[in-house]
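In this note's numbering, the protein residues as written are 7 to 773.
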């Protein structure tokens with residue numbers, strides 16, 4: 007065989023030329039990549055992270071929050087100290103002494119204002135007379151009040167230790183936010199600590215070599231580090247949410263490991279087929295490199311759908327996800343060829359005894375579970391389609407009853423001291439810490455008409471039975487805004503709270519404002535925010551889905567020059583996403599496996615998760631789909647029959663898909679062990695979906711459907727013949743015909759012919 011046929015020709019595609027340059031200028035390529043990562047990390051550390059504002063919510067609640075922020079530019083956070091007598095009543099001399107001591111201790115701390123001693127204010131104790139609340143405000147923005155709450159919490163703890171006859175604890179927006187933020191940071195650190203060694207262990211078993219296993223992990227890790235730095239820089243233009251770091255870690259490790267695996271497996275296949283290390287890298291760049299580009303663009307297209315969700319948090323998550331995919335994609339086509347060229351055959355060194363010497367991918371594709379499943383699906387495609395498709399539909403059935411909720415205080419881990427205080431506070435003073443907040447706007451809220459409207463809201467709310475206790479009112483310095491807080495029944499997210507909100511918005515406020523002019527009232531608070539966010543997700547979901555499906559269809563249409571391929575890919579991916587939704591509903595909404603997963607069901611799925619999961623899962627599923635289809639397309643272009651091409655393409659990629667999927671499932675499963683219900687549901691949903699997609703869909707449903715479609719898979723209408731042609735084999739791979747073929751008769755025949763390259767069959771030739 008003429009070895010020069012394996013080298014990229016001058017007219018090779020751009021990605022092949024980049025790979026050839028990288029392999030030739032190895033140290034320069036590695037140095038540039040390391041410099042890029044270092045610059046991103048340093049820039050991110052220097053600029054810091056700007057978090058998204060909390061008053062950017064949707065709908066009426068968002069409008070009320072913005073009005074409150076404008077009317078009260080000096081922000082405050084409300085805090086309460088719960089004092090409970092273990093014996094007797096809080097109104098006795100001992101109780102009054104404790105209340106006075108706690109009030110003085112809190113008042114002495116920085117940024118504390120408007121401290122209310124319940125004894126001096128003649129405030130009512132709890133119904134059983136054992137509990138009282140000392141309320142106060144912390145002055146400053148979110149960061150300042152969180153820092154200040156540490157001092158008040160410590161002061162309260164000191165007072166509690168000195169008075170063993172009383173139970174004393176603090177809860178409020180600042181102290182709860184500080185505790186939850188710390189728990190979130192600890193969770194992220196735990197996920198980071200566990201994900202890296204688990205990923206490395208899986209890759210060691212996949213390759214049997216420590217060096218080969220380290221290459222994908224290093225790409226994924228460096229991509230995550232660079233992206234986190236870039237996110238910090240971008241946050242100065244577009245503030246981001248806390249969860250963006252978790253998304254960057256999840257997606258970055260997933261795609262970074264995937265893309266490096268694509269290269270490593272293909273390069274190993276080519277070396278096993280007789281290519282030199284340099285030739286193997288060139289072929290991998292021209293084939294797997296192109297698959298990486300198409301796959302990465304498809305994933306980014308899916309992630310872009312988050313921009314249409316209409317929420318700042320989704321925009322931030324979309325930015326983080328797209329950035330890490332772009333960084334991993336660029337790294338894979340630039341630095342991976344250089345690393346493989348530097349290592350050469352040394353990439354397989356460092357074999358560990360317990361991993362054993364694994365058979366090369368080119369010789370073991372015909373064996374194992376994958377070969378049996380694919381063979382069975384190809385022999386009886388209709389039966390395989392009905393069984394596997396029916397199973398996915400059955401798994402998806404619970405999704406028809408999906409109910410979404412915004413997690414509230416009841417969903418936070420009770421391992422946090424502040425949440426245990428909250429529970430006791432709710433028992434003693436139910437609803438007091440989660441009021442409905444009414445922002446009343448007028449030219450001057452002191453005018454009789456506005457004052458009458460506020461009084462009418464208070465009176466009608468008390469008469470409705472949905473609200474209780476004494477409402478509080480604040481008036482802004484410019485007198486344009488009055489903020490009315492109405493303690494409501496329920497815990498903020500349950501049916502009682504929902505009914506209270508419906509009554510407030512539907513009857514109480516309209517009746518109170520009837521006949522007035524120039525007075526407006528908007529409702530916010532936990533319950534209102536939940537309702538408005540759910541409404542936003544319901545209205546935007548169809549737009550996001552349509553956008554993602556349309557762009558994915560167009561990208562796959564151009565890439566594979568087939569109108570059937572994108573339709574099939576979309577249908578299969580929707581089936582796997584639907585099955586993941588169904589499992590998520592069965593577990594978290596219906597309350598199964600609560601003991602196993604250590605959670606308490608809140609009767610729904612986190613509101614932001616369905617859209618987020620759809621976008622992420624659709625992108626990652628397309629990742630595999632493009633990789634497998636590219637190998638099938640190569641085989642078709644070399645003249646294989648449809649059945650031969652499907653068998654060869656799926657089995658040649660089985661090791662890569664299995665390894666990459668196992669890494670993803672393991673990393674996502676780590677997030678299912680975290681304390682946050684949001685992260686737990688996200689981890690379970692992603693892990694289940696990837697497991698389903700990599701097994702049922704790729705090993706059974708995909709080959710069966712492609713066998714049923716036959717040559718029609720590659721059908722392109724005449725009116726679309728103008729689409730650009732992409733040869734998946736290309737000049738660099740012309741000598742690689744049959745790479746990774748199976749041990750079946752067609753596979754053995756392919757390996758026997760590989761020394762005489764076949765003329766590539768046109769991607770647009772009639773089928």
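Ideal placement from N, C-alpha and C gives every residue a C-beta, glycine not left out.
In this text, all values refer to a predicted model and were calculated from it rather than measured experimentally.
Beta-carbon spacing of residue i, residue j below 7 Å
i	j	result
residue 691	residue 619	yes
residue 677	residue 197	yes
residue 346	residue 292	no
residue 223	residue 206	yes
residue 243	residue 319	no
residue 613	residue 539	yes
residue 398	residue 700	no
residue 180	residue 151	yes
residue 294	residue 629	no
residue 665	residue 212	yes
residue 116	residue 154	yes
residue 307	residue 561	yes
Residue from the options whose Cα sits closest to the Cα of residue i
i	options	result
residue 440	448, 431, 351, 471	431
residue 658	182, 374, 434, 723	374
residue 332	283, 274, 260, 354	260
residue 231	253, 211, 246	253
residue 384	727, 709, 57, 41	709
residue 435	58, 731, 137	137
residue 76	520, 488, 627, 562	488
residue 409	607, 460, 219	607
residue 111	63, 168, 713, 396	168
residue 263	284, 547, 298, 236	298
residue 5	667, 100, 449	As displayed, the chain neither begins before 7 nor continues past 773, which places residue 5 out of reach and without an answer.
residue 688	633, 714, 603	603
residue 566	108, 729, 284, 258	729
Endpoints, the beta strand (DSSP E) within which residue i is located
i	result
residue 174	172–178
residue 594	First-last for residue 594: undefined, no H or E at that position.
residue 432	Note, residue 432: premise wrong, no beta strand (DSSP E); alpha helix (DSSP H) at 423–434.
residue 142	137–145
residue 447	442–447
residue 80	Here residue 80 belongs to no beta strand (DSSP E), and DSSP marks it neither H nor E.
residue 121	118–122
Exposure of residue i, with buried meaning 16 or more beta-carbon neighbours within 10 Å
i	result
residue 134	exposed
residue 279	buried
residue 96	buried
residue 343	buried
residue 568	buried
residue 574	buried
residue 79	exposed
residue 686	buried
residue 164	exposed
residue 501	exposed
residue 513	exposed
Collapsed DSSP secondary structure at residue i in the structure displayed
i	result
residue 88	strand
residue 473	strand
residue 538	helix
residue 500	coil
residue 528	strand
residue 551	helix
residue 483	coil
residue 713	helix
residue 215	strand
residue 646	coil
residue 370	Below a pLDDT of 50, predicted positions are generally treated as unreliable, and residue 370, at 44, falls in that range; no measurement from the model is reported.
residue 478	strand
residue 727	coil
residue 418	coil
residue 488	strand
residue 628	helix
residue 637	helix
residue 186	helix
Unbroken alpha helix (DSSP H) run spanning residue i, endpoints
i	result
residue 162	148–168
residue 246	Residue 246 -> no alpha helix (DSSP H), and no H or E assigned at all.
residue 75	65–77
residue 286	283–310
residue 313	Premise fails: residue 313 is in no alpha helix (DSSP H) and is neither H nor E.
Chain D contact for residue i (CB, 7 Å cutoff)
i	result
residue 345	This model lacks chain D altogether, as it is built from one protein chain only.
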